[in-house]
Each structure stands twice: as C-alpha cells, then as structure tokens.
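Contents: one structure, followed by commentary.
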Amino acid sequence: MCEWGYTGHGGPAHWHESFPQAGGKRQSPIDINTTDARFDTALVDRPLKISYDPSRTKALVNNGHTFRVDIDACDYNLSGGPLEDNYQLVQFHAHWGKEDKEGAEHTINGKQYAAEIHLVHWNTGQFKAVSDAIKCDKGIAVLGSFIKVGKPHVGFEKLVPCLKKALNKNCTAPVEGGFDPSCLLPENKKDYWTYEGSLTTPPCYESVSFILFKDAIEVSEEQLQVLRNLQDHCDGESFEGRGKLVNNYRPLCDLNGRVVRATFEN
Numbered sequence: 001m002c003e004w005g006y007t008g009h010g011g012p013a014h015w016h017e018s019f020p021q022a023g024g025k026r027q028s029p030i031d032i033n034t035t036d037a038r039f040d041t042a043l044v045d046r047p048l049k050i051s052y053d054p055s056r057t058k059a060l061v062n063n064g065h066t067f068r069v070d071i072d073a074c075d076y077n078l079s080g081g082p083l084e085d086n087y088q089l090v091q092f093h094a095h096w097g098k099e100d101k102e103g104a105e106h107t108i109n110g111k112q113y114a115a116e117i118h119l120v121h122w123n124t125g126q127f128k129a130v131s132d133a134i135k136c137d138k139g140i141a142v143l144g145s146f147i148k149v150g151k152p153h154v155g156f157e158k159l160v161p162c163l164k165k166a167l168n169k170n171c172t173a174p175v176e177g178g179f180d181p182s183c184l185l186p187e188n189k190k191d192y193w194t195y196e197g198s199l200t201t202p203p204c205y206e207s208v209s210f211i212l213f214k215d216a217i218e219v220s221e222e223q224l225q226v227l228r229n230l231q232d233h234c235d236g237e238s239f240e241g242r243g244k245l246v247n248n249y250r251p252l253c254d255l256n257g258r259v260v261r262a263t264f265e266n
C-alpha cells in the first residue's frame, strides 16, 4: 500500500492518485454551516442509544498517523438517530493540531477546534466483518466529539500513561483497568449534526454516517501536549519530513449537495 501522510507528495492533495475513492463526491471532513443544517424531528424521535463495556478496551497503538485504541468484539452498542441498524465499536482515535487554533477535522461555521475524537463503529446488522462494512454505504458510523482547551479531563487522563508509553510509531501500550469510551463524549448527546461521508484517511471509502456532537469536551493544555509529543516515526528512525505527530487532519472537502441534518433548531 502506498505510504501516505499529511504533507508533501504523500499528503491529502495526492491521496486520490493511489486511493481513487479520495476523489469522490461524498468525502469527509466538511464544514458544518449551521444555517444550512436541516432540523429533522425524525432524529429526535429516535434518540441515540450508546452503551460500551469498559472491559473490552484492549491496547493503545501509535500507528504513525494517530493513536488508536482497539476494542474487543462485543454486542452492538450504538443505534438510533440516523442509523437503521445496530453498530459495534471497533476503535477510537483522534486528530489534533500543533496549536490550539487547529486540529479538528470538521469545522463549525468555519471554526476549527483544537482536536476531534472519532469513535468508529461497524454495521453488524448488515455485514459479517469490519473489512466488508468499511467498503459499503452505511457500513460505518462515527461519533465525533470536538475538543477545546479548558479544565483537565478525568477520563482522558486515564489514557495519558498509555500515550507516554506509545511515544513512537508502532509502539503499543495496554489500557489497564478498562476504559469507557463514552467518557470522551459530551454530557449532552441529544444535540448533534449528521451527514453521509467517508473515512477521513486512505482509502477514504464513502461508507460513513457521521454523528457530530454540538457540545465540545474540555481537556487541559497539558493533556493536549501529551498528544503533540507523539512521534510519527519509529524509535531511531530519522529522515526528512519526520518528527512530531501533529496536524494530522485532512483539509475540508466539498459538500457537493449533501444535506446536513440536525436534532435541534439553529
């Protein structure tokens, strides 16, 4: 597979050369224009149902593009809202910037948060494996949580020791004692935007139903710095273009006529 990244010849402007889906018409991320978002009472009538088992959280890995926490298979744990089937959490990861003014992938009326967490689920009602679901329409559902700088986040703090152990690419650290990913979501889960999009990293399959919560969560500057200290290369590896793992977000993509729905009126 082609080596990709966020800068230079392997950057987002060139992804479509090796991953044709990246040039599609329903790519992510996008800017959410709240004036254009369509209030949908049907979403309100079908509240999201989110339930995770903390004991299913396995290990945190630095893959050189982000940190990722993998989840053991379990019963479905996401349904409702725009989703017609049951979905199961498979992993969560984040995107962040070098500075507080950038980092999130989606923007709200042009505003970019410092970071964005993605909880990735696959459609267990229609597919037998993640590898099948990831390529197909409505195969994946992503809960997106925006991060702003503020007070320390108690839940995120539990990941800090793992992040420090997985400093370099390909390093892995066990998540001991269990971890409930729902702590990375805002308290208010009723207000969100949703639209049909894609994976924001190659191969950029157009298979994702995004659910982006209106309210951001807070983490401290010190906690964000732990993310910014991650390295995008293996220990001892050094060559041009490598260094701190920062600005790992894809530039905005065109909406191309897609409708963004909301559970609340602007």
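For what it's worth, full-length UniProt numbering labels the leading residue of the sequence shown as 1, then goes sequentially.
Every residue gets a Cβ at the ideal spot worked out from N, C-alpha and C, and that includes glycine.
In this text the structure is predicted, and so the values were computed from the model without any measurement.
(1) Ends of the beta strand (DSSP E) at Ser55?
(2) Would you kindly report the start and end of the unbroken beta strand (DSSP E) that includes Ser79?
(3) Should Gln223 be labelled buried (16 or more other beta-carbon atoms within 10 Å of its own) or exposed?
(4) If I follow the unbroken alpha helix (DSSP H) through Gln225, where does it start and stop?
(5) Taking the alpha helix (DSSP H) that Trp15 falls in, what are its first and last residues?
(6) Using a Cβ-Cβ cutoff of less than 8 Å, which residues in the same chain neighbour Gly110 once the five nearest sequence positions on both sides are dropped?
(7) Which residue spans inside the region 166 to 229 form an unbroken beta strand (DSSP E) run of at least 3?
(8) Quick check: the region 33 to 41 against the region 137 to 147, are at least 3 beta-carbon pairs closer than 8 Å?
(9) Below 8 Å on the Cβ atoms is my guess for Leu212 versus Leu185; work out the distance and round it to an integer in Å.
(10) State the Cα-Cα distance for the pair Gln148 and Lys158, rounded to the nearest angstrom.
(11) Taking the alpha helix (DSSP H) that Ser131 belongs to, which residues open and close that run?
(12) From Gly11 to Gly23, what does the alpha carbon distance come to, in whole angstroms?
(13) For Lys189, count the other beta carbons within 10 Å of its own beta carbon; 16 or more makes it buried, fewer makes it exposed. Which is it?
(14) Which two residues bound the contiguous beta strand (DSSP E) that contains Glu116?
(15) If Tyr249 and His95 are in contact, beta carbons under 8 Å, what's the gap, nearest whole angstrom?
(16) Following the continuous beta strand (DSSP E) through Glu84, name the residue where it begins and the one where it ends.
(17) Which residues does DSSP pair with Gln231 in a beta bridge?
(18) I need the straight-line Cα distance from Thr41 to Thr107, nearest angstrom please.
(19) Checking the sheet assignment: what are the DSSP bridge partners for Ala141?
(20) Classify Ala262 as helix, strand or coil using the three-state DSSP reduction.
(21) Taking its Cβ as the centre, do 16 or more other Cβ atoms sit within 10 Å of Asp45, making it buried, or is it exposed?
(22) Would you kindly report the start and end of the unbroken alpha helix (DSSP H) that includes Asp45?
(23) Using the C-alpha atoms, what's the distance from Asp235 back to Gly80?
(24) By the DSSP assignment, the alpha helix (DSSP H) with Phe127 in it spans what residues?
(25) Alpha helix (DSSP H) containing Gly150: first to last residue?
On the basis of the supplied data:
(1) Premise fails: Ser55 is in no beta strand (DSSP E) and is neither H nor E.
(2) Its beta strand (DSSP E) spans residues Leu78 to Gly80.
(3) The Cβ neighbour count for Gln223, taken over all protein chains shown within 10 Å, is at least 16; the residue is labelled buried.
(4) Its alpha helix (DSSP H) spans residues Glu221 to Arg228.
(5) Taken as a continuous stretch (DSSP letters only), the alpha helix (DSSP H) holding Trp15 covers Trp15 to Ser18.
(6) The answer, listed in chain order, is Asp31.
(7) Taking only runs of at least 3 residues, the beta strand (DSSP E) segments lying wholly in the region 166 to 229 are 172 to 174, 192 to 197, 208 to 213 and 217 to 219.
(8) Touching, no.
(9) Going by Cβ atoms, the distance from Leu212 to Leu185 rounds to 11 Å, so no, they are not a contact pair.
(10) It is Lys, not Gln, that sits at residue 148 in the sequence shown. Pairing Lys148 with Lys158, the inter-Cα distance amounts to about 18 Å.
(11) Residues Val130 to Ala133.
(12) If I take the Cα positions, the gap works out to 13 Å.
(13) By the 16-neighbour rule on beta-carbons within 10 angstroms, Lys189 is buried.
(14) Note, Glu116: beta strand (DSSP E), Ala115 to Asn123.
(15) The C-beta distance from Tyr249 to His95 rounds to 4 Å, short enough to meet the 8 Å contact threshold.
(16) DSSP places Glu84 inside the beta strand (DSSP E), whose first and last residues are Leu83 to Trp96.
(17) Assignment of beta-bridge partners to Gln231 by DSSP yields Lys244.
(18) Looking at the backbone, the Cα of Thr41 and that of Thr107 are separated by about 24 Å.
(19) Bridge partners of Ala141: His121 and Ser209.
(20) Strand.
(21) Under this definition Asp45 is an exposed residue.
(22) Per DSSP, the unbroken alpha helix (DSSP H) holding Asp45 starts and ends at Thr41 to Asp45.
(23) Gly80 and Asp235 have their alpha carbons spaced roughly 43 Å apart.
(24) Phe127 -> no alpha helix (DSSP H), and no H or E assigned at all.
(25) First-last for Gly150: undefined, no H or E at that position.
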